[in-house]
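Engineer: Following this message is one structure expressed as structure tokens.
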Amino acid sequence: MKKIEVIQNVLEANETIANRNRQLLDKHKVFAINIMSSPGAGKTSLILQTMAKLKSKLDTAVIEGDVASTVDAEKVQSEAKAVVQINTRNMPESCSLMAAMIESALKDMPLDNIDLLLIENVGNLICPSEFTLGEHKRVVISSLPEGDDKPIKYPLIFIDADAVIINKMDLLPHVDFDIATFRRSIAGLNPKAEAFQVSCKTSEGIERWCSWVLEQVETNATKR
Amino acid sequence: MHEFGVTENIVNIALAKAGEAQASKVIQINLVIGEMSGFVPDCIQFYFDSLSKDTIAQGAVLHFELVPTQLRCRNCATIFHPQDTLWSCPKCGGQSIEISKGRELYIESMDVE
């Protein structure tokens, strides 16, 4: 028997495909945002609000990741330039989108006609933190009914986020969510993350969020 | 729940490396896994047994070396292991904390014949 040295990252295969996706997106000048949250935090609502607000400025496409159904794809269909629904139920992994799924979804996208790609990940705070997709920015949404302790319970997803959004601000009078506690946790884990407070119901805060998105898309475009 | 793809990668890497070493059998695969990584060793072994069937890695033992979480205070650079879910520095009380170890998942070495 002999020992052989290996030292190889097991996630490398996903990262290789993610890099390929990123190169393809850059080539076609598409800016991609990976939107993650627990189920029901408002990923689809945020996507709808973002598309409505930026409609005159950006052509947006959406990739919807869900275990099953086309419910979300149908909701965003009318506003989006293109929509691809990925159902993970019949895949060996069902808990998160992975780079290979995005690679095949991109084949069905008119990339030359798109400025912004919003990728709605499967609702889950654990698994998506392990898999990069080739996105330019990672965004995590937390909503008030979930409680202010999510960053300390699921730190990894918040540590890697470029922006953290608190959604359902309209419910603040009705729930015990301490904004200061939540923001302190985020500042500790990830001081560089942009912070937003929005309500997709009342559109509070959406303007600032959309300005940030537009700024990211434009900054990225001038870099190329 | 996402161990299937990861295990496929482990089998692919092991078979490629065993091929390079002209081995006829993989006896043990030594993996390093961080305490904070979201992967469950028992689950990886379960998928491994099925994915490695009829290959030279069939029957190989997966040995996991667990790397404890190690945090670093951004304020005073103290390295510490978290005692609870509230991450604060035991020395200065600072709450600006980064992970220095505990997210790993890699194959370190293999025993082959």
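Protein chains in written order, with numbering that gives the first Met the number 0: chain H, 0 to 223; chain L, 0 to 112. C-beta atoms are modelled at their ideal positions from N, C-alpha and C, and glycine is treated no differently.
1) Taking only three categories from DSSP, how would you classify Q84/H?
2) Does M146/H have its Cβ less than 8 Å from a Cβ in chain L?
3) Check whether the Cβ of C94/H lies closer than 8 Å to any Cβ atom in chain L.
4) Measuring CA to CA, which of L188/H, S141/H and L116/H is closest to L47/H?
5) Whose CA, out of Q82/L, H62/L and S23/L, lies closest to the CA of I9/L?
6) Spatial neighbours of E134/H within its chain, please: C-beta separation below 7 Å, excluding the five flanking residues on both sides.
7) Would you mind sorting R88/H into buried or exposed? The rule is 16 or more other CB atoms within 10 Å of its CB.
8) Going by other Cβ atoms of all chains shown within 10 Å of its Cβ, with 16 needed for buried, is L188/H buried or exposed?
9) Could you work out which residue in I78/L, L85/L and I28/L is closest to F181/H when comparing CA atoms only?
10) Using a Cβ-Cβ cutoff of less than 6 Å, which residues in the same chain neighbour F79/L once the five nearest sequence positions on both sides are dropped?
11) Whole angstroms are fine: how far does the CA of C91/L sit from the CA of D175/H?
12) Measure how close the beta-carbons of K136/H and A162/H come, nearest whole angstrom, since I'm counting them as under 8 Å.
13) Just list the beta strand (DSSP E) runs in the stretch 13-91 of chain H, keeping only unbroken ones of 3 residues or longer that don't cross its boundaries, in chain order.
14) Hey, would you say D159/H sits closer than 8 Å to S184/H, going by beta carbons?
15) Are the CB atoms of G4/L and E92/H within a distance shorter than 8 Å?
16) Taking 8 Å as the threshold (beta carbon to beta carbon), is I26/L in contact with chain H?
17) Using the Cα positions of F38/L and S55/H, report the straight-line distance between them to the nearest angstrom.
18) Check distances from the C-beta atoms of the stretch 91-108 of chain L to those of chain H and list, in chain order, the residues that come in under 9 Å.
19) Helix, strand or coil for C126/H, going by three-state DSSP, please let me know.
20) Closer than 7 Å by beta-carbon distance: list the chain H residues that pair up with K16/L, in chain order.
21) Pairs of beta-carbons, one from the stretch 101-111 of chain L and one from the stretch 25-33 of chain L, closer than 8 Å: are there three or more?
22) Between N20/H and I101/H, is the Cβ-Cβ spacing less than 8 Å?
23) Between E112/L and V75/H, what straight-line distance do the alpha-carbon atoms span, to the nearest angstrom?
24) Just to make sure I have the definition right: I need the residues of chain L whose C-beta is within less than 8 Å of the C-beta of I151/H. Which are they?
25) Starting from M109/L, trace the beta strand (DSSP E) in both directions and tell me its first and last residue.
26) Listing by chain order, which chain L residues have their CB less than 9 Å from the CB of R183/H?
27) Buried or exposed: where does K42/H fall if 16 or more other Cβ atoms within 10 Å of its Cβ makes it buried?
28) Which stretch, first to last residue, makes up the alpha helix (DSSP H) that contains N8/L?
29) Give the residues of chain H in contact with N8/L, contact being defined as C-beta atoms less than 7 Å apart.
30) Alpha carbon to alpha carbon, how far is K49/L from D177/H?
31) If you follow the alpha helix (DSSP H) that C42/L is in, where does it begin and where does it stop?
Structural biologist: From the atom records:
1) strand
2) According to the sequence shown, residue 146/H is Gly rather than Met. Answer no: the Cβ-Cβ gap between G146/H and chain L never drops below 8 Å.
3) It does; some Cβ of chain L falls within 8 Å.
4) L116/H
5) Closest in C-alpha terms to I9/L, from the list Q82/L, H62/L and S23/L, comes H62/L.
6) A31, I32, N33 and I118
7) exposed
8) Buried is the call here.
9) L85/L
10) L70 and P89
11) 29 Å
12) 7 Å
13) Inside the stretch 13-91 of chain H, DSSP marks whole beta strand (DSSP E) runs of 3 or more residues at positions 30-36, 59-65 and 81-86, from first to last along the chain.
14) no
15) yes
16) It does: the Cβ of I26/L has a partner Cβ on chain H nearer than 8 Å.
17) Their backbone Cα atoms lie some 43 Å apart in a straight line.
18) G93, Q94, S95, I96, E97, I98, R102, E103, L104, Y105, I106, E107 and S108
19) helix
20) What K16/L touches in chain H: I3 and V5.
21) yes
22) yes
23) 56 Å
24) The contacting residues are T84, L85 and W86.
25) Per DSSP, M109/L belongs to the beta strand (DSSP E) from L104 to V111.
26) What R183/H touches in chain L: Q94.
27) buried
28) It spans E2 to E19 - the alpha helix (DSSP H) in which N8/L sits, taken as one unbroken run.
29) V9 and A12
30) It is worth fixing the name first, because residue 49/L is Ser in this sequence and not Lys. Near 47 Å, if we compare the C-alpha coordinates of D177/H and S49/L.
31) P40 to L50
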